[in-house]
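Worksheet: the structure to be examined is printed underneath.
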Amino acid sequence: AQSVTQPDIHITVSEGASLELRCNYSYGATPYLFWYVQSPGQGLQLLLKYFSGDTLVQGIKGFEAEFKRSQSSFNLRKPSVHWSDAAEYFCAVVKGNLIFGKGTKLSVKP
Amino acid sequence: NAGVTQTPKFRILKIGQSMTLQCAQDMNHNYMYWYRQDPGMGLKLIYYSVGAGITDKGEVPNGYNVSRSTTEDFPLRLELAAPSQTSVYFCASSSPRGGPSEQYFGPGTRLTVT
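Chains as they are written, first to last, in the numbering used here: chain A, 1 to 110; chain B, 1 to 114.
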C-alpha cells in the first residue's frame with residue numbers, strides 16, 4: 001500500500017498567486033514528514049520537516065506546511081509564488097526508511 | 001563542506017556492460033542511501049547502509065550491488081547493465097542520532113543503457 005500520495009501530477013500557477021500542494025500519507029504511528037524540492041537537473045533539497053509539536057511548520061524559501069492528523073495530510077503552502085519556485089516537489093514519510101510520493105511538478109506563469 | 005558528491009554526472013552504457021557509480025560524503029554521516037528516479041515515479045530506494053561494513057536491500061535492489069568499506073564512500077555497482085536500469089541515480093546521507101533526520105542528496109548520475 002502506498003504510504004504517500006500526491007494527487008496532483010502537475011500544477012500551474014501565476015507568479016504572485018498563492019500555492020498549495022497536497023500530500024496524504026497512510027501510516028498508523030506518529031509520522032515523520034518531509035517536503036523536498038528538486039530543480040531541473042538537480043538533486044533534492046529539504047524544504048521543511050515535521051516530527052512533532054506545532055503542526056504548522058516553517059521552511060526555507062517562504063514555504064510552510066500544516067500537519068493535519070484527522071485528514072492524514074501534510075500540505076505545502078506558499079502565499080506568493082516566484083518564477084524561481086518552478087520545480088518538482090516531493091512529499092516523504094519515514095516508514096522504516098524514507099518513502100517518497102511521486103511528486104508534483106510546479107510551473108509558474110509570468 | 002562539499003556535502004554529497006557523485007560521479008560521473010552522465011554515462012551511456014551498452015547492454016551487458018558493468019560500471020560503478022561513485023558516491024562520497026564529507027559530513028561524517030553514518031547512514032547512506034542509493035535511490036533511482038524514473039519519470040512520474042518518485043524515488044525508489046535501491047540499497048542503504050547504516051555504517052561501514054553494513055548494507056541492506058531497499059525496495060528495488062535487483063541488478064545492483066553495494067559495498068561500504070569507509071564512512072565516506074558508498075559505491076553502487078551495476079554488473080550487467082540492462083535497459084530497465086536507465087534512470088537517474090541519487091545518493092544521499094543522513095545522521096539519525098537517536099531519531100529520524102533529513103537526508104542530504106547528491107546531484108545525481110544520469111545513466112542510459114542502450
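A virtual CB, placed ideally from N, CA and C, is assigned to each residue, including glycine. In this text, all values refer to a predicted model and were calculated from it rather than measured experimentally.
Which chain A residues sit within Cβ distance under 8 Å of residue i?
i, result
"L78 of chain B", "Correct list: empty, because the minimum Cβ distance to chain A is about 20 Å."
"Y48 of chain B", "N97"
"G58 of chain B", "N97"
Between the options, which has its C-alpha nearest residue i's C-alpha?
i, options, result
"P177 of chain B", "B:V50, B:R11, B:D26", "Shown here, chain B extends from 1 to 114; a query on residue 177 of chain B therefore has no answer."
"K127 of chain A", "A:S73, A:V37, A:I11, A:T12", "Residue 127 of chain A is absent from the structure shown; chain A starts at 1 and stops at 110."
"V81 of chain A", "A:A92, A:T104, A:V108", "A:V108"
"A17 of chain A", "A:E88, A:T30, A:P40, A:R77", "A:R77"
"D26 of chain B", "B:T112, B:A82, B:D73", "B:D73"
"S87 of chain B", "B:A52, B:G42, B:N30", "B:G42"
"D38 of chain B", "A:S84, A:G101, A:L33", "A:G101"
I need the boundaries of the beta strand (DSSP E) containing residue i, first residue and last residue.
i, result
"C23 of chain B", "19–25"
"W34 of chain B", "31–37"
"F157 of chain B", "The shown model of chain B, from 1 to 114, leaves out residue 157 of chain B, and the question about it has no answer."
"T7 of chain B", "4–7"
"I54 of chain B", "54–57"
"E15 of chain A", "Looking at the DSSP string, E15 of chain A is not in any beta strand (DSSP E), and its letter there is neither H nor E."
"V50 of chain B", "43–51"
From the DSSP output, read off the bridge partner residues of residue i.
i, result
"V88 of chain B", "B:Q37, B:R110"
"R77 of chain A", "A:E20, A:E64"
"W83 of chain A", "Answer is none; W83 of chain A lacks a bridge partner."
"L135 of chain A", "This structure gives no information on residue 135 of chain A, because the portion of chain A shown stretches from 1 to 110."
Which residues of chain D have a Cβ atom closer than 9 Å to the Cβ of residue i, listed in chain order?
i, result
"K61 of chain A", "Absent from the structure: chain D. Protein chains present are A and B."
List the residues of chain B whose Cβ lies closer than 9 Å to the Cβ of residue i, in chain order.
i, result
"Q58 of chain A", "Here the premise fails: no neighbours, minimum Cβ distance about 15 Å."
List, in chain order, every chain B residue whose beta-carbon is nearer than 7 Å to that of residue i.
i, result
"K102 of chain A", "G40, M41, G42"
Below 6 Å, is the gap between the Cβ of residue i and the nearest heavy atom of the ligand SAM?
i, result
"V4 of chain A", "Of ligands this structure carries none, so the ligand SAM is not represented either."
List, in chain order, every chain B residue whose beta-carbon is nearer than 8 Å to that of residue i.
i, result
"F90 of chain A", "G42, L43"
Run down chain A in chain order and give the residues with a C-beta less than 7 Å from the C-beta of residue i.
i, result
"F74 of chain B", "Within chain A, no residue comes near F74 of chain B; the closest Cβ sits about 15 Å away, beyond 7 Å."
Residues of chain A with CB under 9 Å from residue i, in chain order?
i, result
"P107 of chain B", "G41, Q42, G43"
Subject >> Contact list for the segment 6–24 of chain B against chain A, Cβ threshold 9 Å >> reply: Q6
Original post:
Any residues in the segment 28–49 of chain A with a beta carbon nearer than 7 Å to a beta carbon of chain B? Which ones, in chain order?
Top reply: Residues Y32, F34, Q42, G43, L44, L46, K49.
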